[in-house]
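Right, one structure below, let's go through it.
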Ligand code: ADP
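In the UniProt record's numbering, the protein residues as written are 5 to 252.
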């Protein structure tokens with residue numbers, strides 16, 4: 005992808021921890037409505053890459069250009085979130101004591117920092133947005149239940165709904181299918197594909213069945229750089245990829 009059309013462009017990014025290169029001259033471009041699956045053996049640098057994009061880790065070299073003009077390597081985490089980059093960690097983080105609906109409402113209002121308004125009357129516009137979000141993440145029928153009563157998979161969806169409430173342009177998702185039932189896994193692949201119709205999604209994933217389900221371009225990292233990139237069939241048939249997976 006040319007730099008100007010990519011939503012995210014990592015250019016020669018290196019991260020060094022005590023002399024060890026967790027990322028080594030990593031370059032990668034993600035399009036505006038693209039979903040990309042990131043695979044690679046343990047220690048390949050997947051988490052470090054996400055940390056660089058969200059501003060948690062500052063690279064020693066390279067830059068990370070977002071929307072053609074913001075260098076993420078010069079911004080702090082809060083400013084990066086404000087630009088429209090949302091990250092979902094593997095363990096769901098929801099407000100267990102609140103209902104599903106109030107979790108979504110809180111996220112809609114999160115930028116206003118006025119917690120009391122969470123329990124004020126809903127406006128019609130707000131109601132519509134909540135309904136659309138609940139529908140999207142397949143939780144409309146669960147809206148009145150406390151989040152604590154949801155299944156693990158449903159909590160993952162709720163958190164995705166909370167992130168979507170913030171209207172991210174780029175959503176980073178870490179192993180969304182871990183611990184899910186087969187049905188939930190298939191539904192999650194559908195959900196992510198729907199989300200990627202209008203925004204970019206980067207999914208770090210170990211489960212190759214799930215990656216196959218996603219049906220998107222795959223980037224395999226190894227020792228902090230891109231080892232192979234392309235359709236899953238092509239990447240998984242690549243000799244070097246086979247070697248790094250079998251070699252461990
Ligand atoms: P992955 O997510 O692909 O398993 P990581 O990005 O977590 O890989 O880690 C890449 C390498 O960097 C690993 O060898 C890991 O031990 C090392 N690493 C990650 N974070 C740190 C840190 N804060 N300090 C030292 N080494 C780290």
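Even glycine gets a Cβ: it sits at the ideal position worked out from N, Cα and C. Here the structure is a predicted model, which means the values were calculated and not measured.
| query | result |
| --- | --- |
| Once you ignore the five residues that flank residue 181 on each side, which residues in its own chain have a CB closer than 6 Å to its CB? | 189, 192, 211 and 214 |
| Comparing alpha-carbon positions, which option in 233, 187 and 70 lies nearest residue 36? | 70 |
| Measure the C-alpha to C-alpha separation of residue 1 and residue 243 and round it to an integer number of angstroms. | One cannot answer for residue 1 here, as it falls past the ends of the chain, which runs 5 to 252. |
| Collect the residues with a C-beta less than 5 Å away from any heavy atom of the ligand ADP and give them in sequence order along the chain. | 21, 26, 46, 47, 48, 49, 50, 51 and 52 |
| In this structure, does DSSP put residue 93 in helix, strand or coil? | coil |
| If you draw a straight line from the alpha carbon of residue 221 to that of residue 234, how long is it in whole angstroms? | 5 Å |
| Please name the residue, chosen from 55, 21, 29 and 16, that lies closest to residue 206 on a Cα-to-Cα basis. | 55 |
| Is DSSP giving residue 40 helix, strand or coil here? | strand |
| To test your reading of the DSSP string, which unbroken alpha helix (DSSP H) runs of 4 or more residues are found completely within the stretch 112 to 196? | 128 to 140 and 156 to 168 |
| Taking DSSP as the reference, what is the three-state secondary structure of residue 79? | coil |
| Pull up the distance between the alpha-carbon of residue 17 and that of residue 129, whole angstroms please. | 42 Å |
| Going by alpha carbons, who is nearest to residue 103 out of 231, 151, 39 and 155? | 151 |
| Would a C-beta distance cut-off of 9 Å place residue 227 and residue 49 closer than the cut-off? | yes |
| Helix, strand or coil: how does DSSP classify residue 10 here? | coil |
| Here's the rule: buried if 16 or more other CB atoms are within 10 angstroms of the residue's CB, otherwise exposed. What is residue 109? | buried |
| Just confirm the distance between the C-beta atoms of residue 179 and residue 208, as a whole number of angstroms; I'd bet it's less than 8 Å. | 6 Å |
| Measure how close the beta-carbons of residue 12 and residue 34 come, nearest whole angstrom, since I'm counting them as under 8 Å. | 4 Å |
| For residue 64, count neighbouring Cβ atoms within 10 angstroms of its own Cβ and tell me buried if that reaches 16, exposed if not. | exposed |
| Given a threshold of 16 other Cβ atoms within 10 Å of its Cβ, counted over all protein chains shown, does residue 166 qualify as buried or as exposed? | buried |
| So who's on the other strand from residue 65, going by DSSP bridges? | 18 |
| Does DSSP put residue 60 in a helix, a strand or coil? | coil |
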